Every structure is written in structure tokens, then in C-alpha cells.
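Novice: Respectively, the protein sequence lines represent chains A and B. Just add 2 to the spot in the first sequence (first one is 1) and you have my numbering. Just add 176 to the spot in the second sequence (first one is 1) and you have my numbering. Yeah, the Cβ is synthetic: ideal placement off N, Cα and C, and Gly gets one too. Please read these numbers as outputs of a predicted model, since none were measured by experiment.
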Amino acid sequence: MMEAIAIISIFVLASFVGFEVVSKVSSTLHTPLMSGANAIHGVILVGAIIVADHAETSLELGLSVTAIILATVNMVGGFVVTDRMLEMFKGKARDNSNKSKGEK
Amino acid sequence: MNSSVNDLIGLLAGVCFILSLKGLSHPRTARRGNLLGVLGATIATILVFFRSENEGRNLIWIIGAIAIGVIIGVPAARKVQMTAMPQLVALFNGVGGGAAALVAIVEYIKLGDSASLAEVIATVFTVVVGCVSFSGSIVTFLKLQELMTTAPVIFPGGRFVIAATLTGVLGVSGWVVGALGNTPLLVLALLSVIFGVLFVLPVGGADVPIVISLLNAFTGLTVAASGYVLNATLLIIAGTLVGASGTILTRLMAEAMGRSLFGTLFGAFTAKPQSGTAAAENRPVKSGTPDDVAILLNYARRVVIVPGFGLAVAQAQHTVRELADLLTSKGIDVAYGIHPVAGRMPGHLNVLLAEANVPYEQLSEMDEVNPTFPQTDVALVIGANDVVNPAAKTTPGCPIYGMPILDVAQAGNVIFLKRSMRPGFAGIENELLFDAKTTLLFGDAKASLAKVVSSLKGL
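1. Sorted by chain position, which residues of the same chain lie with C-beta nearer than 8 angstroms to Val329 (chain B)'s C-beta, five sequence neighbours on each side aside?
2. At a Cβ cut of 8 angstroms, what residues of the segment 5-20 of chain A count as close to chain B, listed as they run along the chain?
3. Using three-state DSSP, classify Gly513 (chain B) as helix, strand or coil.
4. Quick check: is the beta carbon of Pro550 (chain B) nearer than 7 angstroms to any beta carbon in chain A?
5. For a contact meaning CB atoms closer than 9 angstroms, what does Ser60 (chain A) contact in chain B?
6. Expressed to the nearest angstrom, what Euclidean distance is found between the alpha-carbon atoms of Asn230 (chain B) and Gly403 (chain B)?
7. Quick one: Cα of Leu635 (chain B) to Cα of Glu537 (chain B), how far?
8. Nearest to Leu472 (chain B) by CA position, among B:Pro483, B:Leu503, B:Val461, is which residue?
9. Smallest Cα separation from Ala50 (chain A): which of B:Val308, B:Asn234, B:Ser624?
10. Answer with yes or no whether the minimum CB distance from Gly64 (chain A) to chain B is below 7 angstroms.
11. Return the CA-CA distance between Phe193 (chain B) and Thr325 (chain B), expressed in angstroms with no decimal places.
12. Checking 7 angstroms against the spacing of the C-beta atoms, do Gly186 (chain B) and Leu410 (chain B) come in under that value?
13. Who are the neighbours of His524 (chain B) on chain A, taking C-beta pairs under 7 angstroms?
14. Using a 10 Å radius around the Cβ and a threshold of 16 neighbouring Cβ atoms, would you call Tyr284 (chain B) buried or exposed?
15. Determine which residues share a DSSP beta bridge with Val19 (chain A) and list them.
16. Ignore the nearest five residues each way along the sequence and tell me which others in Ile413 (chain B)'s own chain have a CB closer than 6 angstroms to its CB.
17. Does the pairing of the segment 79-90 of chain A with the segment 285-303 of chain B give three or more beta-carbon distances under 8 angstroms?
18. Which of the three DSSP states is assigned to Lys594 (chain B) in this structure?
19. Identify the residues that DSSP records as bridge partners of Asn589 (chain B): which are they?
20. Are the CB atoms of Gly344 (chain B) and Leu362 (chain B) within a distance shorter than 7 angstroms?
21. Please list the residues of the segment 263-296 of chain B that have a C-beta atom closer than 7 angstroms to any C-beta atom in chain A, keeping them in chain order.
22. Quick check: what's the CA-CA separation for Ala420 (chain B) versus Ser60 (chain A)?
23. Mind checking if Lys448 (chain B) is an interface residue toward chain A, Cβ cutoff 7 angstroms exclusive?
24. Relative to the alpha-carbon of Ile338 (chain B), which residue among B:Leu374, B:Ser505, B:Arg598 has its alpha-carbon at the smallest distance?
25. What does Trp237 (chain B) touch in chain A if you count any residue whose Cβ is under 9 angstroms from its own?
26. Could you give the residue range of the beta strand (DSSP E) that holds Val387 (chain B)?
27. Give the single residue among B:Ala400, B:Ala243, B:Ser309, B:Leu417 whose Cα lies nearest to the Cα of Leu267 (chain B).
28. If Gly272 (chain B) sits next to Thr395 (chain B), beta carbons under 8 angstroms apart, how far is it from one beta carbon to the other, in whole angstroms?
29. Below 7 angstroms CB to CB, which residues in the same chain sit around Glu607 (chain B) once its five sequence neighbours on both sides are set aside?
30. Measuring alpha carbon to alpha carbon, tell me which of B:Ile386, B:Ala500, B:Val405 ends up nearest Leu425 (chain B).
31. Whose CA, out of B:Ser540, B:Val300, B:Arg335, B:Val461, lies closest to the CA of Val348 (chain B)?
32. Do Ser17 (chain A) and Val169 (chain B) count as a contact pair if the criterion is CB distance below 7 angstroms?
33. Please classify Ala355 (chain B) as buried or exposed, where buried requires at least 16 other C-beta atoms within 10 Å of its C-beta.
34. Could you check whether the Cβ of Ala414 (chain B) sits closer than 7 angstroms to any Cβ belonging to chain A?
35. How is the beta strand (DSSP E) around Leu65 (chain A) delimited, first residue to last?
36. Counting only C-beta atoms, is Val181 (chain B) closer than 7 angstroms to chain A at any point?
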């Protein structure tokens, strides 16, 4: 019972944190943010490794190894592609901060 | 490693993910945010090898599979053209959903009869949503890569087929919960894959980014659910974070496009097949030469450049900056009007123009630039179509109706640089092309721009 309450608490609190952190974001950053969040759910890799670790039959192993490959592609590829997108904002972000400093 | 120590370090990874999302929401901290995400993911991945519950089996397989994943993922992400980035993100999201579904299936086979009711329900949820996310993302990939039609795919009775499939998914879910067994689960996975395809097919091209974002949130929730089945707190935290932030992001995107989320997803089911597009085939248009365009620009006082996906495809971002610099040096006021969803994803063109070092002050968002069009002499539309299509205002029932547009029709002259008369991504005709004040310059955007630049230099 305690277990269930703890899990529900984690779920609800994490939902609110998720809602809060991205509630104000300019449309310019929508794509990188989506891509970054996309990479974060690649953490399912952890789950894939756990099931692979206790896989006994070759069916279980085959499926979990496939899951590891897919999850790694999701995670690693996701972070790399997000970084490439953000690299292009470098100059722009600097201009932006200078501009806002100038205004203040 | 002691399991509470492991959990505590896992919490650190969770904090990294929160800070990562927070960082990614602000231009200045975005890159650091992404790196924090990498840190969190690295911690999480290393940590799982030190769990006290580990049986230490299949280690070689695990390491090998990770290596293969890296070998596939990194080059794909590094080599992809900036223009093809949206579909790559869609694909990454799809494989993530597929991975979550597979994890749930393996765990289900493993648990067998010992699974508790809550675990079975979480498994069913993960398999259904993971498979929908997987196949749905593949369809969005095919649409964005233009390997299939980008227009909404609507077939007679489609609504009933979708409703029947959904009923089937729900029914089989009940079967799995009631009967427990590998066959029902397999049927469920299969039906969910089919449902994912049917779910995305009727979505029109311009709405695809919203769907990707929604599927992204879905995948997040499946990760959270599998975290519950596997008793891995970190997965619950990370998955829920992505699910929640993805939902908000989906809503923000839908708002930026002036659509209701519901309308985006289910609008196509109620829309009739497009009418009035066939009649437009052979109507006269005014097409010009690069010299005509150069003259129009040369005598303008204010020019607004409206870039679209065509500019991205032609890699014309550097040439367009050259043109803008040239015009500025002639004392002409130049601005870029960027539609929130120009390109294939929100912010796509901001990324490309930033790459070409276009000054930030020249990039105007839609709300800033729209009131200035009546004072604008020339609106130069480069490879954009749907985002300036007046049909969004005038034709109720067309796929983009209600989407805010850049009001280029208010400008003195409108120049379209287009490859052909082919309609835009949403697959609808643009009346503005036939307007008297519109000049069309056909050809690849980069080549056309280069010609305009050289004749402008001669004036």
C-alpha cells in the first residue's frame, strides 16, 4: 500500500514539475525542446538493460537486446541532434542577451 | 551497490533531467540544458550496471547492443541535413516508443502468472501506447520525408475502421488483463501498431509537428509505466517529466498554429475531401524574370522576406542573407517575417537563418511583422506557401483554416520564389498566386536568389 502511495506521489509531483518547467518557452525553442525531451525518454535504455539482465530464454534475450539497440539510438541520437540544433543558436543567443542587456 | 545508495544516485539523474528541461526552455541556457540531459542519462545508464538485484547475465549482449545503438544513432544524428532534422526526431521518438513496448512485453513474459493486476494494467498501457507511438512516428517520418503523400489520407469509411480498431485494442486489452497469456499480448501489440498508423494517416502535413510532439509525450508516459512494472523510480520520474512537458509543449505548438489540439487530431475525420482545388489548374499567373524581381526590390523602401521550407531545401539561407545585406546597403529596410511553424517544425527556420548568421534584430515574429505589411513595398516569399495562404482566413473547412498567417497580401507587391505551381505541404491551392500584384519566379530558391543578387548588383 505504501508502495502505491509513494509511486503515485512521484508521478503527480513529476507531472507538476514537467508542466512548470516548460510552461513559458518561445516558439523558437519548441523544436530543440521537443528533441531534448525526446532524448530524455531514451532513458528507457535503463529498463531495457534491466530486462536483458534477467532474460533467460532466447526469445526474451532477443527482444530485450532489440530494445537496448532502439533505446540507445533514441537516447544518444536524440542528444546529438539536439546539440547540433542548439549549436546554431550560439551567435543568436549571444546577440539576444546583449540586446536585452542594452535595453535594461 | 546497496540499493538505497543506487536509488539516491538515481535521484541525482532525475534532478539532471529536470534542470535539463528547464535549461532547454531558455535560449541562453539551452545548450547547457541539453548537456545536463546527457549527464543525467549517463549517470542512469552506468548506475543500472551496479544494481544489487542484477543477475549479471548476458553482459556481453547488453554491451554489444549498446555499441550497435551508438554506431547507428550517432552518425545518423551527425550527418543528417538540417532540413531533414524533424523527421529524424520523429524516427528517434518512434524507436523509443518501440523500445518501451518491447521492455514491457519481455517483462510480461517473464512475470507470467505472478504479475499483479496493477502490473498487468501498466504493461498493457505500455504496449498499447508504445506501439501506437512507434507506428505513428514511422508514418510521420514517411510524411515528412515525402515518401508518402503529405495530404491527409482519408478513405471511405475510415472513421469506422479507426473506431473498430480502437474498440479492438480496448477489447483485447481486457482479454489480456482477464486471461493472461502471450498470444493475447501479441495480438494487442499488432492491433496497436495498426491503430497508430490509422491515427496519424488522416493528419494533414502542416499538423505533423504537433502529432510528433504528442507522440513524444506518449512515449514519455510509457516509459513511466514501464518504470512502475520494473520498479525503477528513475524511469517513473523521467518518463513523467517528458509526458507532462511534452503535453504542454504540444498545446503551445497547437496554440502557435491557432489550432485546438482536438481539431488537429480529429479535424481530418470530419473534413470533407477538398473541393475547389481542381479548377485552379490552368489559371494564368504572372511569372517574372530575375531582372523584374531585382527592379521591384531596388525601388522598394521596405522589404519583408518570408522564408519557408523551400529555402531550407535549397540551402539558400546564405544567399538570402547576401541579398538582404545588399538591399540594406542600398538603404532599404529589410526584415524577415518568420511564421511560428515555417519549415517543418516550429523554430525550424530560425535555426537555419541563425546558421547563416542573419542578425537577430532582423528576425521578426508573426505578431510583430503583420501590422507592418501595409507599409511594406515588397513581400518576398521564398519557398513558403501554406503560412501565407489566405485560405486560412477565407475558406472554412480547408485543412489550415484558422491558422494565423503572415498577411503578405497587404504588401504593395508580392514575389513568390517557387519551384513549381505545386501546392504547399498542406496540399491546398494558394489564391494569392493568382493575384494581380503577385509575381512568380520559378526555380530552385538558391539559384533564383543568386540571379536576383547578380542583376541587383548591375542596377
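Specialist: Answer, in terms of the structure:
1. Result list for Val329 (chain B): Leu377, Pro378, in chain order.
2. Ala6, Ile9, Ile12, Phe13, Ala16, Ser17, Phe18, Val19, Gly20
3. strand
4. It does not: the Cβ of Pro550 (chain B) has no partner Cβ on chain A nearer than 7 angstroms.
5. Going along chain B, no residue has its Cβ under 9 angstroms from Ser60 (chain A), so there is no contact; the nearest lies around 11 angstroms.
6. 16 angstroms
7. Distance from the CA of Leu635 (chain B) to the CA of Glu537 (chain B), rounded to the nearest whole angstrom, comes to 27 angstroms.
8. B:Leu503
9. Comparing alpha carbon positions, the residue from B:Val308, B:Asn234, B:Ser624 closest to Ala50 (chain A) is B:Asn234.
10. Chain B contact via Cβ: absent.
11. 37 angstroms
12. yes
13. Here the neighbours are Thr33.
14. buried
15. For Val19 (chain A), which the question treats as bridged, DSSP gives no partner whatsoever.
16. Gly190
17. No: the two stretches stay apart, fewer than three of their Cβ pairs being nearer than 8 angstroms.
18. Reduced to three states, the DSSP call for Lys594 (chain B) is strand.
19. B:Val554
20. no
21. Leu264, Val265, Phe268, Asn269, Val271, Gly272, Gly274, Ala275, Ala276, Leu278, Val279, Ile281, Val282, Glu283, Ile285, Lys286
22. 36 angstroms
23. With a pLDDT of 43 at Lys448 (chain B), under the threshold of 50, the modelled position of that residue is not reliable, and no figure is offered here.
24. B:Leu374
25. Ala54, Ala57, Leu63, Ser66, Val67, Ile70
26. Segment 384-406 is the alpha helix (DSSP H) holding Val387 (chain B); no beta strand (DSSP E) there.
27. B:Ser309
28. The pair is a contact, with the Cβ atoms about 5 angstroms apart (cut-off 8 angstroms).
29. Pro566, Ala567
30. Nearest Cα to Leu425 (chain B) within the set B:Ile386, B:Ala500, B:Val405: B:Ile386.
31. B:Val300
32. Outside the displayed span of chain B (177 to 635) sits residue 169 (chain B), for which this structure offers no information.
33. It is exposed - the Cβ of Ala355 (chain B) has fewer than 16 other Cβ atoms within 10 Å.
34. yes
35. Careful: Leu65 (chain A) lies outside any beta strand (DSSP E), inside the alpha helix (DSSP H) at 60-74.
36. no
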